[in-house]
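Chains as they are written, first to last, in the working numbering: chain A, 4 to 413; chain B, 3 to 423; chain C, 545 to 809.
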């Protein structure tokens, strides 16, 4: 405790220098504190949206599908989807499984037409994604019912309301163009233009018959009981389907590769920049502490002469660094908390900043998601940097021969 | 001598000089790297996206709000006339004017009936066709990325990407069925021969776009003389706004058929890319500012220390007759030298980092492709940016030293002589 | 270096100096009157804290008096601004310090040359003057040495050369031998005395070492910020001694320094 007092007094002795050093720690720690929250907020929102709107957590496809995915092939399907789905439902981590048939449709209101992604879904769809909860007008079709659920953007642009008939065409499995029509029974809104403008849902059996498919499915979509454990879930399903080389299991990230790769490369970039920033901070602390030691050669000699141990001396200087680190963290907490409150509670309304056609489901307000661990991690980094920077100067002070230290004319 | 004195002092206190120069170098290198990264993005944007999308574009005003941008209702009825009128202007700023006929089409594998076996249906792929002049100047990204064959020799044929060709089982020289609905809603198809295979940097683009001759497209769509848009290539992209303004009277009745035309410049066409670039710029700007602050603090600290340590020496020099201003200049000179050294180091490190990163390019993620940019960003060094970073580093270093210089300059001589630092 | 010995070089009129140290005010000088003729060799003697250094600093234009005037070569330097003071120091005053105060990164030659560079003396002239001084202080074989490669006596000889190189009217030496052993102190004082006699350099130096003060032609005794007496050791007539009430034997800290006292000159 006495050592702590000495350390604090020494820091105050060179107030200007200490202040400058602490500023660097404050900057580093404040950035680190907020960046984690923003990043987590971004990923949980964006990834969460992606899973809830579209991909769920894990999907099973025909093993040959992925290579040809761009042409939305109807010839690479799962032949026995019901059986596979049943086996998946039996797995412990699985909460719900839905069958889907995907196809490219052209939908028209009679005057203009647009190419869309059509998704034939079973009633289970409402249990793997948020489709059911996102219907803003009408309802979801019943099993086997001919009816379309279309996005709000598409409905507005095509002038379609619930109850209106929509016409659609698509090439069936034999590349024969079929024409069909169905009433719009529901309109959904995810707030993600890509889906709201270009996605329609219909009953899976309706889709199968329209496309001349048998009891097949393009994919099985799985939601696990543990929302964050999609990788583990994918692994487990992969094990369960090990005997089926004709099937392939994918984690949701595969279907949002663009999104995930973009966010993760940004993270790597930011992390490397942060690493450089912290090495600068460490260098700054090292510099300050080395100066402190050199300036106090005589004092060090005197302290040693009156009987302080090497370890005690080392502790004094390490404590000095530590106190600066802790002070830096404490000060950093003020701006970090302010920004954190702002971003965490109110969030930034990014709908005005982000262009509508950017294919990232940000939602309209970006919230940072803070966790106490962030603050701990940032504090650890700040104090760690301070200790690391003080380490060598402290050791140097401790190893100084007493006579040399006392004699130093400084 | 003063220079030598500053130099010798810097060498004597080499460890601290190293810290200062190092801090400058790191900040400078980070600034250079970040700036070059940004420059790489904007550079590839200016080099590839803009020339391909044209500097000025004339299209139907309803296009922007249309759900289906390939709707044939939105074709310009008298594009050929419009092109002729613009060419008649003889404006030297305009390098090229071309009608571009974009349309939605389905590519279907062309299988001989004899090889069609049970259950094996021909593969198909919905794509966007671009009807262009065979010697177009608006497909550089494709024409300079040909892997096999050539773009559209003789005006017949179809050029598509290797990826797309694989998906529909086509090869160079094989036939491919192109299915469209013409303006009257009638289905129509044509068998075209693959004359060129390309591979651009964007997988998205490759899987979505093919090229055929404009005449072929017009005849298939029953749209002779029409185009989706008229694109202009300018000698200088900064003329875009002026040219757009001057074209406005031409488009009044020029489109004909009562359609309202809209003239867009490359700025408005790529508004969303600009929005993202601005966002990225602000973010990187903040990061750069933070680096400047942190390294500025370190430099200020170091120079303050080195000055305080030598305060007696400075007192002696002043006692000998050195003026306060000269002393300040001496200290600033040392800061300047270390700043310059650090900047030079930083430029060196920056060069190496850029060279390293631009070998493979930095993967910026798939979103870049969705925006029409390459996902692999090759940072580009820019002389002016290097110069700016160097200058900024030196200025930061000088500014950080100034405080120390002033505090010594304003100290009394007797006081500094008595200081037992 | 002044050749017109006997001319009035320095006049100090009613100089006081007050410092504030925290809440208390310290009167370092309490009214000093003093005249020094060109060619004189003056020693300022007194215990630690008596105001010796303050007086020398004020005479040397590196500190300002709280009141009073200082005339150097007839100019009232107490009215000069900072630059004027600097130029005065450069042209008219040479300094020798207790701890030598050489510029660590410069070698012997460069240290001596430094004031000439500040004074913008042409290169050839600089070389000539520096060479002569190096010879004078007998440092010929050490010209390329850095200060930390020299002994204390050698360093102080460099400092002396540096102080003389600009041909100052007055050389001020604040405890020039306090950091030297007695043998070296003697050499340094002999060198200064020789310069005074042969080159007619005017010296004012301070010391609290009795043996050293004997080198002076004139000794000023200072205590508590005023001159309390004057001695002329060169003159045989002890009646000229004006010691006042101050008794040498009771001088607090007078000769308790580690290097004070010691062997005979």
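Glycine included, C-beta positions come from ideal geometry on N, C-alpha and C. None of these values were measured; they are calculated from a predicted model.
Give me the residue from the options with the minimum Cα distance to residue i.
i: residue 747 (chain C); options: C:735, C:585 and C:625; result: C:585
i: residue 46 (chain B); options: B:100, B:376 and B:142; result: B:376
i: residue 281 (chain A); options: B:164, B:6, B:385 and B:25; result: B:25
i: residue 474 (chain B); options: B:58, B:330 and B:64; result: In the structure as shown, chain B begins at 3 and stops at 423. Residue 474 (chain B) is therefore absent and cannot be evaluated.
i: residue 70 (chain A); options: B:220, B:21 and B:205; result: B:205
i: residue 609 (chain C); options: C:589, C:582, C:576 and C:594; result: C:576
i: residue 356 (chain B); options: B:183, B:40 and B:180; result: B:40
i: residue 9 (chain B); options: B:336, B:349 and B:283; result: B:336
i: residue 48 (chain B); options: B:288, B:236 and B:345; result: B:236
i: residue 754 (chain C); options: C:653, C:730 and C:686; result: C:730
i: residue 663 (chain C); options: B:324, B:397, B:331 and B:361; result: B:324
i: residue 647 (chain C); options: B:321, B:129, B:126 and B:29; result: B:321
i: residue 14 (chain B); options: C:649, C:574, C:551 and C:656; result: C:649
i: residue 740 (chain C); options: C:583, C:579 and C:655; result: C:583
i: residue 38 (chain B); options: B:344, B:389, B:246 and B:52; result: B:389
i: residue 594 (chain C); options: C:611, C:673, C:574 and C:579; result: C:574
How about residue i and residue j: do their beta carbons lie closer than 9 angstroms?
i: residue 176 (chain A); j: residue 170 (chain B); result: no
i: residue 637 (chain C); j: residue 716 (chain C); result: yes
i: residue 271 (chain B); j: residue 50 (chain B); result: no
i: residue 415 (chain B); j: residue 606 (chain C); result: yes
i: residue 39 (chain A); j: residue 377 (chain A); result: yes
i: residue 151 (chain A); j: residue 169 (chain A); result: yes
i: residue 138 (chain A); j: residue 121 (chain A); result: no
i: residue 249 (chain B); j: residue 351 (chain B); result: no
i: residue 588 (chain C); j: residue 713 (chain C); result: no
i: residue 2 (chain B); j: residue 77 (chain B); result: Because chain B is modelled from 3 through 423, residue 2 (chain B) falls outside the range shown and cannot be assessed.
i: residue 294 (chain B); j: residue 33 (chain B); result: yes
Return the first residue and the last residue of the alpha helix (DSSP H) that residue i is part of.
i: residue 678 (chain C); result: 667–680
i: residue 190 (chain B); result: Where residue 190 (chain B) is concerned, there is no enclosing alpha helix (DSSP H), although the beta strand (DSSP E) it sits in stretches over 189–200.
i: residue 52 (chain A); result: 18–53
i: residue 338 (chain A); result: 313–344
i: residue 615 (chain C); result: Where residue 615 (chain C) is concerned, there is no enclosing alpha helix (DSSP H), although the beta strand (DSSP E) it sits in stretches over 611–616.
i: residue 264 (chain B); result: No alpha helix (DSSP H) holds residue 264 (chain B); the beta strand (DSSP E) holding it covers 263–267.
i: residue 356 (chain B); result: 326–362
Between which two residues does the beta strand (DSSP E) containing residue i stretch?
i: residue 585 (chain C); result: 585–589
i: residue 181 (chain A); result: 180–191
i: residue 645 (chain C); result: Premise fails: residue 645 (chain C) is in no beta strand (DSSP E) and is neither H nor E.
By a C-beta neighbour count over all protein chains shown, 10 Å radius and 16 as the cutoff for buried, is residue i buried or exposed?
i: residue 667 (chain C); result: exposed
i: residue 358 (chain B); result: exposed
i: residue 275 (chain A); result: exposed
i: residue 308 (chain B); result: buried
i: residue 559 (chain C); result: buried
i: residue 787 (chain C); result: The pLDDT assigned to residue 787 (chain C) is 46, lower than 50, so where the model puts this residue is not dependable, and the model offers no usable value.
i: residue 569 (chain C); result: exposed
i: residue 410 (chain B); result: buried
i: residue 807 (chain C); result: Model confidence at residue 807 (chain C) stands at a pLDDT of 38, short of 50, so the residue's coordinates are unreliable; what they give is reported in the following sentence. Label assigned to residue 807 (chain C): exposed.
i: residue 54 (chain A); result: buried
i: residue 195 (chain A); result: buried
i: residue 64 (chain A); result: buried
i: residue 348 (chain A); result: exposed
i: residue 417 (chain B); result: exposed
i: residue 271 (chain A); result: exposed
i: residue 385 (chain B); result: exposed
- Message: Against chain C, which members of the segment 10–26 of chain B pass a CB distance test of less than 8 angstroms?
- Response: 10, 11, 13 and 14
- Closer than 7 angstroms, Cβ to Cβ, to anything on chain C: give me those residues from the segment 324–354 of chain B, in chain order. 324, 325 and 326
- Residues of the segment 360–377 of chain B with a CB closer than 9 angstroms to any CB of chain A: list them in chain order, please. 364, 365, 366, 367, 368, 369, 370, 371, 372, 373 and 377
- What residues in the segment 284–312 of chain B have a beta carbon less than 7 angstroms from any beta carbon of chain E? The chain inventory of the structure shown lacks chain E, comprising the protein chains A, B and C.
- Message: For the segment 291–322 of chain A, list every residue whose C-beta sits within 9 angstroms of some C-beta in chain B, in sequence order.
- Response: 291, 293, 294, 297 and 298
- Message: For the segment 654–670 of chain C, list every residue whose C-beta sits within 9 angstroms of some C-beta in chain B, in sequence order.
- Response: 654, 657, 658, 659, 661, 662 and 663
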